[in-house]
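Participant: First, the structure itself, so that you have it in front of you.
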Amino acid sequence: MQIHRLALKNFKCFKEVDVSFSKITLLTGENSSGKSSLIYGILAVLQSLNSQSKSFPLYLSLNGKYVNMGGYKDVSFNHSLKNDFEIHINLSEDDLNFSDIKTLWHFDKISHSPRLTQLKISSSITEINEVIQNDDLSYRVSSDYKTGIVDSADINDLFIELCEELIHYSNYGFNFISSSRVSPDRTYYQSIANNMVNNYGEGYIDQILEWNDNKSKEIYKLVSVLKDLKILYDIKPNRLSGGRFEIKVKIKSKSKWESLVDVGFGISQFLPIIVADLQLSDDSTLIMSQPEIHLHPSIQANLGDYLVKKVNEGNKGNTIFTSDSDYLPSRKISKTYIVETHSEYLLNRMRLLIVKGEIQPKDVAVYYFENSIKDGSIAHRIEFTKDGQILNAPKGFFETYMIDTMDIALNA
């Protein structure tokens, strides 16, 4: 599942924001300027799908699988219960019957939670032009199909179909890894639970063990990626007595095997991101928050190489099938990445890769966020050009680096 666009109104620190995502999207800017809030707009939708009630788009889960945002006042602009907020998300059109979903939410005085007051869904297959506006959402609406007209589609069936489709693709085509990731342990017991890496990075150790036991190609891919990033030479699980196991790593080819606990902390913080990425399908979206934490600058820069390589690996024609095995024309698919970062090393490496022609400028979106007390947070779209220029950058972008460089030159 790929996320192409997100528009928010009166949501958290945003009075209004509209962001279009590329194959690689970098979110940077001041602290508390809206980078995480933008991501939360996506996560609120997807964790509502993963709740037991499969609630979206009927209800919105502010606290769930990916993030805990509190109550209505915590997500409403200026913390006002009078503000309705809007979430408008556009998803992969080739895979979903419903690709564009626009919702408006109002504070419900009884449940003290968001209540849906308006909904618009559209795609290339179906257009639902009516705005649904009713307490029990029992209206029947007309849907214009390419093959004909369906005059009274039951809205409840529509919701069921929408939820089922989105749940399927969010389970296999999306993940989010937060900046707060688990610390490694010296030994582990194998879990039989779902090994999908969660937002805190939990589950990556069990996944490595499973890949190793099954001699899966992913374990070799993991080792290859870690070598390319120059973060590790090798990694392997080592079984101990009593059902326990440990994770052993080699830093260099001639190094001795060491426990993951005894090497740099940044390695254990970065591993969940790579494992989560290897778990996802080719046509997927991975959101990562501050992947550069505790990493050496060279590895932060090398992450840019990794992201571009993964995008380019997917840029080839693939045969796509629908759920009922209907053939669709071959199309180019690739992973997409949304990265919240403060790393100038990563940003500069992305500029270099564009200059070298490794990736096209249109495939990299950079947004710089800054605070505005009156109008809420603002997202500035910055462009990296083929000749290395930075266009449309606000004052704060790369400001510290450039000021320090000038001061060094003047005072040397």
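The sequence shown begins at 1 in UniProt numbering and counts up one residue at a time. Every residue, glycine too, gets a C-beta built ideally from N, C-alpha and C.
For the beta strand (DSSP E) containing Met-288, list its first residue and its last residue.
Facilitator: Looking at the DSSP string, the run of the beta strand (DSSP E) that includes Met-288 is 285-289.
Participant: Under DSSP, the beta strand (DSSP E) around Asn-68 begins and ends at which residues?
Facilitator: Unbroken run through Asn-68: none, as it is neither H nor E.
Participant: DSSP beta-bridge partners for Gly-376?
Facilitator: Answer is Phe-14, bridged to Gly-376.
Participant: Less than 6 Å between C-beta atoms, sequence neighbours within five positions excluded: which residues of the same chain meet that for Ile-192?
Facilitator: Contacts found: none.
Participant: Distance check for Cys-13 and Ser-289, CA to CA, integer angstroms please.
Facilitator: Going from the Cα of Ser-289 to the Cα of Cys-13 covers about 18 Å.
Participant: Under the three-state reduction of DSSP, which class applies to Ala-393: helix, strand or coil?
Facilitator: Three-state DSSP puts Ala-393 in coil, outside helix and strand.
Participant: Within its chain, find whatever has a CB closer than 7 Å to the CB of Lys-23; leave out the 5 residues flanking it on each side and keep chain order.
Facilitator: Once the five neighbours on either side are set aside, the close Cβ partners of Lys-23 are Val-311, Ser-334, Thr-336 and Asp-363.
Participant: Judging by CA-CA distance, which residue of Thr-341, Gln-269 and Ile-87 is the nearest neighbour of Ser-180?
Facilitator: When only C-alpha atoms are compared, the closest one is Gln-269.
Participant: Around the C-beta of Arg-349, are 16 or more other C-beta atoms found within 10 angstroms, so that it is buried, or is it exposed?
Facilitator: It counts as buried.
Participant: Tell me the DSSP secondary structure of Phe-77 in three-state form.
Facilitator: Helix at Phe-77.
Participant: According to the Cβ coordinates, are Asn-195 and Ser-284 closer than 9 Å?
Facilitator: In this structure, Ser-284 does not lie closer than 9 Å to Asn-195 by Cβ.
Participant: For the segment 275-283 against the segment 201-214, do three or more pairs of beta-carbon atoms, one drawn from each stretch, fall closer than 8 Å, so that the two count as touching?
Facilitator: Enough Cβ pairs lie closer than 8 Å, so yes.
Participant: In terms of residues, what are the limits of the alpha helix (DSSP H) holding Arg-349?
Facilitator: Arg-349 -> alpha helix (DSSP H) spans 344-355.
Participant: I need the DSSP call for Ile-149, collapsed to helix, strand or coil.
Facilitator: Confidence is the limiting factor: at Ile-149 the pLDDT is only 37, short of 50, which leaves the residue's position unreliable, though a coordinate-based value still follows. Reduced to three states, the DSSP call for Ile-149 is strand.
Participant: Residue ranges of each alpha helix (DSSP H) run of no fewer than 4 residues wholly in the segment 234-312, ordered along the chain?
Facilitator: Qualifying alpha helix (DSSP H) stretches, in chain order: 265-279.
Participant: If the criterion is Cβ atoms closer than 9 Å, does the pair Leu-60 and Ile-42 meet it?
Facilitator: No, they are not a contact pair.
Participant: Expressed to the nearest angstrom, what Euclidean distance is found between the alpha-carbon atoms of Val-223 and Ala-365?
Facilitator: Distance between the alpha carbons of Val-223 and Ala-365 is about 29 Å.
Participant: Within the same chain, show all residues whose beta-carbon is closer than 7 Å to that of Leu-295, passing over the 5 residues directly before and after it, in chain order.
Facilitator: The residues are Gly-266 and Phe-270.
Participant: What's the gap between the Cα of Arg-186 and the Cα of Leu-240?
Facilitator: In a straight line, the C-alpha of Arg-186 is about 11 Å away from that of Leu-240.
Participant: Is it the case that the Cβ atoms of Asp-234 and Leu-226 are separated by a distance below 9 Å?
Facilitator: Going by C-beta atoms, Asp-234 is nearer than 9 Å to Leu-226.
Participant: Does the segment 105-118 come close enough to the segment 24-31 that 3 or more CB-CB pairs lie under 8 Å?
Facilitator: No, they do not touch.
Participant: Whole angstroms are fine: how far does the CA of Leu-303 sit from the CA of Lys-252?
Facilitator: If you take the alpha carbons of Lys-252 and Leu-303, they lie about 19 Å apart.
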